[in-house]
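Undergrad: Residue numbers (this note's numbering): 81 to 440.
Just so it is clear, CB atoms sit at the ideal spot from N, CA and C, and this is done for glycine as well.
As the structure is a prediction and not an experimental result, all values here were calculated from the model.
The following block contains the structure, expressed as structure tokens.
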Amino acid sequence: MEPVTAFVTNAPRGGVNKVRTEIEDDPGDLILKPVFTGICGTDRSIIAGSLSFPFNPPGSDYLVLGHEAICRVYDSQNSRYRVGDLVIPMVRRKGKCINCRMGRQDNCSDGDKREAGVTGKHGFMRELFPESSEYVVRVPDLGLEKVGVLTEPLKNVMKAFEVFDRISQRSYYPSDDYSMNGKNAWVIGTGSEGFLYSMMARERGFETYITNRHPIDENRLEILEKFGVNFMDYSKSPLESADNIDLLIDTSGDPSTVLRFASRLRHNGVLILFGTNEKAQSAPMSGSFIDHVVEKNISIVGSVDGAKMHYEQAISQLMKWHHSNGNSIESLITNIKTPENDNLFERRDVNNIKTVISWQ
Ligand SMILES: [Zn+2]
């Protein structure tokens, strides 16, 4: 393959460099060219060297960054894909366990999967890359070129709701009209994942609240309002307003915040842990909290990544939002940069939701 421009790190030590080089990679029947790649907290943490789990591909002394992308097919050896087709490359690559072999590497049972841009597989922040059609999901070319970059973060949400659907069946869960009307969902954290989780909870019929310990700007409040999601700054409002939680989703990874809100889960409530923060301060769990969880049949579950079907669900949902809410779904993308920009990966300002790199 010819030399390409790419953003690389040395995992897990960190750092970031823009290089122009020939990149050795797994072979694929497609060559993809990114349209947009997203930058997320994981990328910044990898660059900061604050995560222990990222590693370079075997035999490589660097790792190409990036796991959120929407691409066009640049070259195809597969009759099902034509040059110019719009696709999303998947993050996780199969290991050898049964879940991986079944296409559920999101539920890998031995940790042997690889993740593009994170663990042992080059990511998508480069001009061109080879890809196997096994790991791409097609996007209808209906104006989704920009919002499609949110497919990867949204597929995590779709997987978490699959988990919720399974777990909530342990008892009768809906309201007495067999809908989620009147049920309360709370989402901790106002980053892009928090936004997507809260928008999806609302979509599922929950009265939905998103919360953080600082105020958010007008732009973000306006987006939430359009999607019918309420915001609460919990450093200011008393937690009593967060009574009767039926579904609690955490995107912060902060133990004390999770415990505070989880102690307000109702009977048969569900807590989904999604955010991680290995550096977060620990918080003590009390006996009365365990009593609360046991006596009320509360389910606590972790959820990571998503399968191909969740990417497909995410694309359908983005298409629906794109057509029903005007450009408010686009407005989650607050910052568009190019590979030529300096300080691409600098800590975002608090009002930024999603920064993307345009590769056109
Ligand atoms: Zn596996």
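Apply the 10 Å Cβ neighbour rule to M280 and answer buried if 16 or more other Cβ atoms are within range, or exposed otherwise.
TA: buried
Undergrad: Taking the alpha-carbon of K235 as reference, which of T85, L112, N310 and Y277 has the nearest alpha-carbon?
TA: Closest in alpha carbon position to K235, among T85, L112, N310 and Y277, is Y277.
Undergrad: Go to Y154, then tell me how far its beta strand (DSSP E) extends in each direction, as first and last residue.
TA: E148 to S156
Undergrad: Confirm the yes/no value for this check: CB of S189, any heavy atom of ligand 1, distance under 8 Å.
TA: Yes, since a heavy atom of ligand 1 falls inside the 8 Å radius drawn around the Cβ of S189.
Undergrad: Grab me the residues of A322's own chain with a C-beta within less than 8 Å of its C-beta, minus the 5 sequence neighbours each way, in chain order.
TA: W266, Y289, T291, M312, Y314, F341 and R344
Undergrad: Buried or exposed: where does K316 fall if 16 or more other Cβ atoms within 10 Å of its Cβ makes it buried?
TA: exposed
Undergrad: Along the alpha helix (DSSP H) that carries T122, what are the first and last residues, could you check?
TA: Taken as a continuous stretch (DSSP letters only), the alpha helix (DSSP H) holding T122 covers G121 to A128.
Undergrad: Would you identify the three-state DSSP class for M238, choosing helix, strand or coil?
TA: helix
Undergrad: Pick from F369, D297 and Y154: whose alpha carbon is nearest that of T270?
TA: D297
Undergrad: For a test of your reading of the model: does the CB of C120 fall under 8 Å from any non-hydrogen atom of ligand 1? Yes or no.
TA: No.
Undergrad: Which runs of the beta strand (DSSP E) at least 3 residues long sit entirely within the segment 396-424? Give them in chain order.
TA: Qualifying beta strand (DSSP E) stretches, in chain order: 413-417.
Undergrad: Please classify R93: is it buried, with 16 or more other beta-carbons within 10 angstroms of its beta-carbon, or exposed?
TA: exposed
Undergrad: Just confirm the distance between the C-beta atoms of P169 and L112, as a whole number of angstroms; I'd bet it's less than 8 Å.
TA: 6 Å
Undergrad: Checking 9 Å against the spacing of the C-beta atoms, do E148 and C120 come in under that value?
TA: yes
Undergrad: Name the two residues that bound the continuous beta strand (DSSP E) containing R194.
TA: Counting along the chain, the beta strand (DSSP E) containing R194 begins and ends at R194 to A196.
Undergrad: If you compare alpha carbons, which of T199, G175 and E195 is closest to S189?
TA: Sorting T199, G175 and E195 by C-alpha distance to the C-alpha of S189 places G175 at the top.
Undergrad: Cα separation between E211 and G367?
TA: 51 Å
Undergrad: Ligand 1 heavy atoms versus the CB of C151: any closer than 8 Å?
TA: Not under cutoff, so the answer is no.
Undergrad: For M312, which three-state DSSP category applies?
TA: If DSSP states are grouped into helix, strand and coil, M312 belongs with the strands.
Undergrad: Closest to T418 by C-alpha separation, out of G118, L110, G95 and I103, would be which residue?
TA: G118
Undergrad: Is the segment 390-402 in contact with the segment 211-224, if contact means three or more CB pairs nearer than 8 Å?
TA: Result yes; three or more Cβ-Cβ pairs closer than 8 Å.
Undergrad: Does the Cβ of G175 lie closer than 8 Å to at least one heavy atom of ligand 1?
TA: yes
Undergrad: Using a Cβ-based criterion (distance less than 8 Å to any ligand heavy atom), does K201 qualify as near ligand 1?
TA: no
Undergrad: Classify E273 as helix, strand or coil using the three-state DSSP reduction.
TA: In the structure shown, the three-state DSSP call for E273 is helix.
Undergrad: Whole angstroms is fine: what's the gap from D141's alpha carbon to K98's?
TA: Looking at the two C-alpha atoms, the distance is approximately 15 Å.
Undergrad: At a cut-off of 8 Å, would you count P185 as near ligand 1, judging by its Cβ distance to the nearest heavy atom?
TA: The question names Pro, but residue 185 is Gln in the sequence shown. Yes - ligand 1 has a heavy atom lying nearer than 8 Å to the Cβ of Q185.
Undergrad: Note down the Cα distance separating E358 from Y258, rounded to an integer number of angstroms.
TA: The straight-line gap from Cα to Cα measures roughly 39 Å.
Undergrad: Among the candidates R160, V384, L224 and R206, whose CA atom is the shortest distance from the CA of D105?
TA: R206
Undergrad: Would you kindly report the start and end of the unbroken beta strand (DSSP E) that includes D330?
TA: I325 to D330
Undergrad: Could you pull out every residue in the same chain whose Cβ sits closer than 6 Å to the Cβ of N264, ignoring the five residues on either side in sequence?
TA: E287, N324, I325 and D326
Undergrad: Going along the chain, which residues of its own chain have a beta-carbon closer than 6 Å to the beta-carbon of L304, five neighbours each way excluded?
TA: F311
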